[in-house]
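S.K.: Here the sequence shown is numbered in UniProt numbering, starting from 1 and rising by one per residue.
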Amino acid sequence: MGCIAVLDLTHGGDVLARWLSSMGERVVGIDVYHTLSDHERGELEDNGIPVLERMPDECTLVVAPVHLPPIPILREAERRGIHRVTHHEMVRRLALECFPEVCERCIEITGTRGKTTTSVLLARLLSCEGKVVCHTTMGVDVLERGVRTQHWKRLSITPASVLDVLKKAEQTRAEHVVLEVSLGVCGLRRGLLTTLEGEYSIAGGTLTSTHAKTMVLSHPPEGFVMAVPDEDVPQARCTLKYLHDGLRVRLLDGSGGSGGSGGSGGRGGEVATVYLDGAKERLESMLDGTMYTRALARAAVGGVLCGLSPTTIEHYLPRLQLDVEGRMSVYCIGDARIVDCSGSGLRAEDIARAIELAIQRFGRVDVLVVGGSRTVCEGLDGPELESVLSWASERVGKVIHLKGNESYEVALRCALSAAPSGVVLLCIKCFR
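1. Quick one: what's got a C-beta closer than 7 angstroms to Gly345's C-beta in the same chain, skipping five residues either side?
2. For Ser285, does the three-state DSSP call read helix, strand or coil?
3. Closest to Leu193 by C-alpha separation, out of Thr117, Glu175 and Val140, would be which residue?
4. Which residues in the same chain have their Cβ closer than 7 angstroms to the Cβ of Asp350, if we skip the five residues on either side of it in sequence?
5. Which whole-angstrom value describes the C-beta separation of His87 and Val63, a residue pair presumed to lie in contact below a C-beta threshold of 8 angstroms?
6. Is Gly13 buried or exposed, if buried means 16 or more other CB atoms sit within 10 Å of its CB?
7. In the structure shown, what three-state DSSP assignment does Leu412 receive?
8. Taking C-beta to C-beta, are Val185 and Thr110 nearer than 9 angstroms?
9. Please classify Lys429: does DSSP put it in a helix, a strand, or coil?
10. Would Ser421 be called buried (16 or more neighbouring beta carbons within 10 Å of its own) or exposed?
11. Is the distance from the Cβ of Gly187 to the Cβ of Val147 below 9 angstroms?
12. I need the straight-line Cα distance from Phe362 to Arg298, nearest angstrom please.
13. Evaluate Gly260 with the Cβ neighbour count: other Cβ atoms within 10 Å of its Cβ, from every protein chain shown; 16 or more gives buried, anything less gives exposed.
14. Compare the Cα-Cα distances from Leu183 to each of Val370, Ser209, Arg173 and Leu166 and report the closest residue.
15. How is the beta strand (DSSP E) around Pro229 delimited, first residue to last?
16. Under three-state DSSP, which class holds residue 504?
17. Quick check: what's the CA-CA separation for Glu129 versus Pro229?
18. Let me check understanding here. Comparing Cα to Cα, which of Asp8, Gly307 and Gly2 lies closest to Gly24?
19. If you compare alpha carbons, which of Leu308, Val423 and Pro383 is closest to Val369?
20. In terms of DSSP beta bridges, what is residue 434 paired with?
21. Within 8 angstroms, do at least three Cβ pairs link the segment 133-146 to the segment 70-78?
22. The beta strand (DSSP E) spanning Asp141 covers which residue range?
23. Select from Leu412, Val15 and Leu389 the residue whose C-alpha is nearest the C-alpha of Leu155.
24. State the Cα-Cα distance for the pair Cys414 and Val365, rounded to the nearest angstrom.
25. Pull up the DSSP beta-bridge partners for Arg84, would you.
26. Who are the Cβ neighbours of Ala418 in its own chain at under 7 angstroms, not counting the five residues just before and after it?
27. Can you pull the DSSP bridge partners for His401?
28. Which of the three DSSP states, helix, strand or coil, is assigned to Glu394?
29. Using a Cβ-Cβ distance cut-off of 9 angstroms, determine whether His135 contacts chain C.
30. Pull up the DSSP beta-bridge partners for Ser201, would you.
31. Apply the 10 Å Cβ neighbour rule to Lys168 and answer buried if 16 or more other Cβ atoms are within range, or exposed otherwise.
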């Protein structure tokens, strides 16, 4: 009997291995990064999943993440003619087999930036008309009537986590499932790509983030549709395109033609357009200079994909709660007012924008704390940051640049020590 080798037990491979084993497959795990603890190894082996250093001779399938570089094990698999699939593809296969009805209610969100904010706002929008399970870097939440009613737990946004979220959605009988997924989507039913800007290399420099995020579009699964920004997307076929701020959704045929007006359509040559007239101006007025205009536009596009009518979207969109943790959210600790703009997608230009908005809202910023965790793939250092910090030093009371690998909690303590009763702007590049 052949076996399946699951590579990379650090980024979701352990979860995939357990799911495959639970379905009767013979599975081995390969810890390519050598980061598995003795406890984690023991848990897998207790479930009948041996953790090996190399592929066994009877291996018939390799499951590896898209970001994995061409390591010797993968080269060996290619030499032996062993079929290889990505973690994303294996999740799709398992999800459609285990949760076919739940998959019909799913939308996956991916992109270089804006995934979490878009996912949260879309979940709030969809929850105005039914129960929603939303999975982001901030955790797995159940929402109803625009607000969170239950926080389940926090999972990584590697594709393997999707399976556990779908099980939760089935148990709670959610009407919609919003999934934030890293490095592309699994292709369950519908997807939304936030942006491709800030492309970076993966797989040891053999691929780019753009390739990973758009891979599903070169051979889209039957019935799958994905909304992408109104820009060139490599190898995209029969996808929805949209303009970030104008809330215009346009379904393109295979040749890129468009036309007509009305509701969103299907795929495979149909053409339709949705216009929410004047939405950009209304959004900007409603948000009063916050950073959410684009995320709300994407959420509206997601609403169209999930079957909401433009009328419904226009009714609920201005009524959404806009406070998203780490996205210009404001809270108080004692006499200090904390303006939190920390997250994994933080860039130097976001810091400058956050300073402007904080001063516009509160009249001043007493302390700006900037830092970045090395756990985030794209760092925050560089000439752009130095330029922004120089500019900021003339506009805020004090700039604190944490150059080590300090956590968000360390940065917060540092800020409160410097300004126990002032306005503090936290800009820490970290996972939330």
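Heads up, the beta-carbon is just placed ideally off N, CA and C, and yes, glycines get one too.
M.R.: Looking at the atomic coordinates:
1. Arg113 and Gly114
2. With a pLDDT of only 46 at Ser285, under the threshold of 50, the placement of this residue in the model should not be trusted; the figure read from the coordinates follows. Helix at Ser285.
3. Thr117
4. Cys341
5. 6 angstroms
6. buried
7. helix
8. yes
9. strand
10. exposed
11. no
12. 28 angstroms
13. With a pLDDT of 29 at Gly260, under the threshold of 50, the predicted position of this residue should be treated as unreliable, though the coordinate-derived value follows. So Gly260 counts as exposed.
14. Ser209
15. Val225 to Pro229
16. Any answer about residue 504 is impossible in this case: the structure gives the chain only from 1 up to 432.
17. 26 angstroms
18. Gly2
19. Val423
20. Because residue 434 is not part of the residues shown, which for the chain are 1 to 432, the question remains open.
21. no
22. Gly139 to Glu144
23. Val15
24. 15 angstroms
25. Val62
26. Val367, Lys398 and Ile400
27. Val370
28. coil
29. Absent from the structure is chain C; it holds one protein chain and no more.
30. Thr208
31. buried
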